[in-house]
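So this is what it looks like as structure tokens:
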């Protein structure tokens with residue numbers, strides 16, 4: 004292979020990786036996310052874990068979720084990732100690049 008062909012192949016590869024990187028950027032937005040857990044199933048007792056939280060995360064940025072113990076940091080991350088247990092009912096919107104993502108197993112009024 005000639006040097007010119009090698010350089011051309013590298014340039015094409017670099018331009019493709021730049022395009023791929025641009026396509027992988029994800030914008031995450033959450034609006035009015037609320038999560039409620041039923042303490043005793045069937046008895047109507049509930050506890051609000053998250054109350055109308057809104058925010059966003061941009062690509063190429065570092066983000067911190069800070070707060071005291073028990074303030075809901077891990078619950079928020081689990082909610083955004085769709086990893087809450089089946090006894091948690093969520094409402095609100097989670098958008099990935101502007102498209103709605105189903106976040107819950109029900110809704111609360």
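Numbering (our numbering), first residue to last: 4 to 112. Cβ coordinates follow ideal geometry from the N, Cα and C atoms, glycine included. Computed from a prediction, not measured in an experiment: that's the story for all the values here.
Contact set for residue i: own chain, Cβ-Cβ below 7 Å, skip 5 residues either direction
i, result
"residue 99", "29, 31"
"residue 58", "33"
"residue 42", "48, 49, 50"
Alpha-carbon to alpha-carbon, residue j and residue i
i, j, result
"residue 48", "residue 63", "42 Å"
"residue 74", "residue 93", "17 Å"
"residue 102", "residue 72", "32 Å"
"residue 104", "residue 50", "24 Å"
"residue 87", "residue 66", "21 Å"
"residue 27", "residue 46", "45 Å"
CB of residue i within 9 Å of CB of residue j, strictly
i, j, result
"residue 80", "residue 36", "no"
"residue 82", "residue 61", "no"
"residue 55", "residue 85", "no"
"residue 97", "residue 38", "no"
8 Å CB neighbourhood of residue i in its chain, flanking five on each side removed
i, result
"residue 76", "68, 69, 70"
Start-to-end residues for the beta strand (DSSP E) that takes in residue i
i, result
"residue 56", "48-60"
"residue 87", "First-last for residue 87: undefined, no H or E at that position."
"residue 35", "31-43"
Any non-hydrogen atom of the ligand HEM within 8 Å of residue i CB
i, result
"residue 62", "The ligand HEM is absent from the structure shown, which contains no ligand whatsoever."
Residue range of the unbroken alpha helix (DSSP H) whose run includes residue i
i, result
"residue 84", "76-84"
Collapsed DSSP secondary structure at residue i in the structure displayed
i, result
"residue 103", "strand"
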